[in-house]
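Down below is the structure, laid out as structure tokens.
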Amino acid sequence: MSEAHISQNNDRTLEKALTNRIIDDYFDNSESWLRAILRMCIFSLAHLNKKPVFIVECPNQAVAKRLSRKTYPFRGLVYYLTDNLYSGDRTLFCYQESKDGSWHCFDTSTNSWKNLQNLRSRSSRSE
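Following the numbering used here, the numbering of the sequence shown begins with 585 at its first residue and continues without gaps.
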């Protein structure tokens, strides 16, 4: 799997605002517990192997695991955000391990957990 790029900037105001907007618009009819738990996360779009993927950055393992069992509301979200019918519905629910900084992600395309070392921002990449 190639690396995905997400922002590691301390100022995540824009991503948080967009996340809240998506929750308000797309998850409006979902259960209140799901909306509450999603407000702790940050959403972003990335590319893995040149295909778009929707990333849900969770604050911890418990949130990521709970969301990984509730993937149905996320189907089609990439299409919703990009209007690209052929982009698929792949979502990663990720949390960062505090010990070594690695990312643990549930990948909806394989329904399995993966360890990703390269889930990092473009600015932290050495080119």
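Built from N, CA and C at the ideal position, the CB exists for glycine as well.
| query | result |
| --- | --- |
| Roughly how far, in whole angstroms, is the beta-carbon of residue 637 from the beta-carbon of residue 675, given that I think they are within contact range, below 8 Å? | 7 Å |
| By DSSP's criteria, residue 697 is part of a beta bridge. Which residues make up the other side? | 690 |
| Can you tell me whether residue 708 is buried or exposed, with buried defined as 16 or more other CB within 10 angstroms of its CB? | At residue 708 the pLDDT is 31, less than 50, meaning the model places this residue with poor confidence; the figure from the coordinates comes in the next sentence. That one is exposed. |
| Pull up the CB-CB distance for residue 610 and residue 651, whole angstroms please, since I reckon it's below 8 Å. | Incorrect: roughly 14 Å between the Cβ atoms, too far for contact. |
| Kindly list the residues whose CB is nearer than 6 Å to the CB of residue 704, restricted to its own chain and excluding five residues on each side of it in sequence; keep chain order. | Since pLDDT at residue 704 reaches only 49, below the 50 mark, its modelled position is unreliable, and the value read off the structure follows with that caveat. Closer than 6 Å at Cβ, skipping near neighbours: no residue. |
| Specify, as a first and last residue, the run of the beta strand (DSSP E) that residue 628 falls within. | 626-632 |
| What is the rounded straight-line gap between the Cα of residue 645 and the Cα of residue 596? | 20 Å |
| Taking the CB atoms as reference points, tell me whether residue 686 and residue 699 lie closer together than 8 Å. | yes |
| Could you tell me the alpha carbon to alpha carbon distance between residue 598 and residue 665, rounded to whole angstroms? | 15 Å |
| Here's the rule: buried if 16 or more other CB atoms are within 10 angstroms of the residue's CB, otherwise exposed. What is residue 656? | exposed |
| According to DSSP, is residue 675 part of a helix, a strand, or is it coil? | strand |
| Considering Cα atoms alone, identify which of 622, 630 and 615 is closest to residue 673. | 630 |
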